[in-house]
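Peer 1:
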Amino acid sequence: MDVNNYVSDTALTDLYPAHVATIKSRHDSALERAGAGHAVIFSGAPHGVFLDDYNYPFKANPHFVSWLPLTNTPFCYLVYTPGEKPVLIYYQEKDYWHVSPAKPEGYWPDQFDIRIVHNLDDIAGHLPESLDKCIFIGEVNEDAHAFGIERINPMTALNVLHFERGSKTHYELECMRSASRRGVLGHRAAARAFDAGKSEFDIHLDYCRAVGHPENDLPYGNIVALNENGAVLHYQHQDTDKPAAIRSFLIDAGARVHGYASDITRTYAKRDGEFSELIQRFDQLQRELVAEVKVGLDFASLHLLCHQKIADLLLEIDVAKGSAEALIESGVTSAFYPHGLGHLLGIQVHDVGGHSGDDSGTLIEPPDGHPFLRLTRLLEADQVITIEPGLYVIDMLLDELNGAPAEKMLNQKRIDWLRPYGGIRIEDNVRILADGCENFTRDAFSA
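Read in order, the letters of the sequence shown are residues 0 to 446 in numbering that gives the first Met the number 0.
1) Considering only DSSP beta bridges, list what residue 437 is partnered with.
2) Let me make sure I understand the geometry here. Which of 345, 401, 275 and 46 has the alpha-carbon closest to that of residue 422?
3) Hey, which unbroken runs of the beta strand (DSSP E) at 3 residues or more fall wholly within the region 22-53?
4) When DSSP builds the beta bridges, which residues end up paired with residue 385?
5) Opposite residue 355 in the DSSP bridges: which residues?
6) Straight-line CA distance for residue 327 to residue 371?
7) Could you name the residues that DSSP lists as bridge partners for residue 247?
8) Could you tell me which of 27, 39 and 175 sits nearest to residue 384, measuring between CA atoms?
9) Mind pulling the alpha helix (DSSP H) runs of 4 or more residues that sit fully within the region 52-124?
10) With a threshold of 8 Å between beta-carbons, can residue 382 be considered close to chain C, or not?
11) In the DSSP assignment, find the beta strand (DSSP E) that holds residue 334 and state where it starts and stops.
12) With H, G and I counted as helix, E and B as strand and the rest as coil, what does DSSP make of residue 323?
13) May I ask you to list the residues that DSSP assigns as paired with residue 263?
14) Using only the alpha-carbon positions, how far apart do residue 301 and residue 230 sit?
15) CB residue 52 to CB residue 85, shorter than 8 Å?
16) Return the first residue and the last residue of the alpha helix (DSSP H) that residue 160 is part of.
17) If you follow the alpha helix (DSSP H) that residue 210 is in, where does it begin and where does it stop?
18) Is the CB-CB distance between residue 447 and residue 107 below 8 Å?
19) Between which two residues does the alpha helix (DSSP H) carrying residue 446 extend?
20) Between which two residues does the beta strand (DSSP E) carrying residue 225 extend?
21) May I ask which residues mark the beginning and end of the alpha helix (DSSP H) holding residue 309?
22) For the alpha helix (DSSP H) holding residue 136, just list the boundary residues, first then last.
23) Can you say whether residue 407 is buried or exposed, counting buried as having 16 or more other CB atoms within 10 angstroms of its CB?
24) In the structure shown, what three-state DSSP assignment does residue 422 receive?
25) Apply the 10 Å Cβ neighbour rule to residue 215 and answer buried if 16 or more other Cβ atoms are within range, or exposed otherwise.
26) Can you grab the Cα-Cα spacing for the pair residue 282 / residue 361, in whole Å?
27) What residue range does the alpha helix (DSSP H) around residue 181 cover?
28) If you drop the 5 nearest sequence neighbours on each side, which residues of the same chain put their C-beta closer than 8 Å to that of residue 288?
29) Go to residue 284, then tell me how far its alpha helix (DSSP H) extends in each direction, as first and last residue.
30) Does residue 397 come out as helix, strand or coil in the three-state DSSP assignment?
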């Protein structure tokens, strides 16, 4: 499916030069911090399967993708020298076994000095002469050392780039809006497949068809979970057999546009009843959390507020008893909701810099008792984050409460009622604004 179904080159042509200018400025700062004169950014290399002649699916270096929309071009190099036009060493292998990368075209090539090479041995001739003044950013491999570049991924430079990547350019924001629109097409198709009684595998196929992504192009492996499988946070299978009875459906799946991801989760009930009402109540809880989002908010405090709301909900539906404070302090809420509220989103689904306190490498650790929170920064304008509260029956975690005071706070009959449904998670992708947020996900569902 043509990516232009979601965003046109015409729309991006106006936004892309300013994006490249921002990326240049960030690399200027990174090079200055590292005391270097050039950045050599490697797109990545394929990884071969052990004792086989096939490769694993290629994943491009996100630092490379931040410059330009090339996600499936191994052995390419972006060379940046402050004050000069960036050089793209574009490897176009002559190969009759595979399809070679296409000629560069579209809205982006004018921003680069593109040098097409057909032989890996020709790459070195396009690198700066003063390799001792270069830093190499990318996966460590034999090519980097062969070039004579010794400074590999210096943290003084990466700290700057990772911190600054938190805020998105207008070009990136448009790509991410488009990725949400693309992902929502898949979610709608998946919901229809669930209503039709299809298996996890067939739901997954309908999703891929709707978004126009081969499976390897998805930003992450689709979580397509029926019934109890919804309690497995990163459920990695798509069962080809339909369960005897279908009760619930949790889908966590995204899409990409020009390298930028969406990450969307929805939960559905097969029939009207108490569980469908619980999903509606949980949707309201998620909306209340989204309504708190704005510039300057400490995201860790929002995560803790979510635990307060989860505790209140457990009491409301009679799954637990006592006070909300006791449920939190005793670990009950963490057993039902063991992951973080959200994370930065961008080129990477769990984008870098979520714990960065500044561009010097200072880290902001998650609150005690919440080690899986991936975002601890103060929220800033034009960051894109996920808001994804969850509620699950995970027996392994509930078993850890046995024999502890928390066990007496649990209503086992109500837990037994909830268990066959697995869990609930609702996840939106939102852009931070001064006085609130732009909800890419809800906007796409409403269109």
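Using N, Cα and C, we set each Cβ at its ideal position, and we do this for glycine too.
Please read these numbers as outputs of a predicted model, since none were measured by experiment.
Peer 2: By the coordinates alone:
1) 430
2) 275
3) 37-41
4) 428
5) 362
6) 16 Å
7) 268
8) 175
9) 61-64
10) No chain C appears in the structure shown, which is made up of a single protein chain.
11) From DSSP, residue 334 is part of no beta strand (DSSP E) but of the alpha helix (DSSP H) over 331-335.
12) helix
13) 252
14) 23 Å
15) no
16) 154-163
17) 199-210
18) Outside the displayed range of the chain (0 to 446) lies residue 447, so it cannot be described from this structure.
19) Taken as a continuous stretch (DSSP letters only), residue 446 belongs to no alpha helix (DSSP H), as it is neither H nor E.
20) 222-225
21) 298-315
22) Looking at the DSSP string, residue 136 is not in any alpha helix (DSSP H); the run it does join, the beta strand (DSSP E), is 133-136.
23) exposed
24) strand
25) exposed
26) 35 Å
27) 169-194
28) 301, 304, 305, 308, 340, 386 and 388
29) 273-289
30) helix
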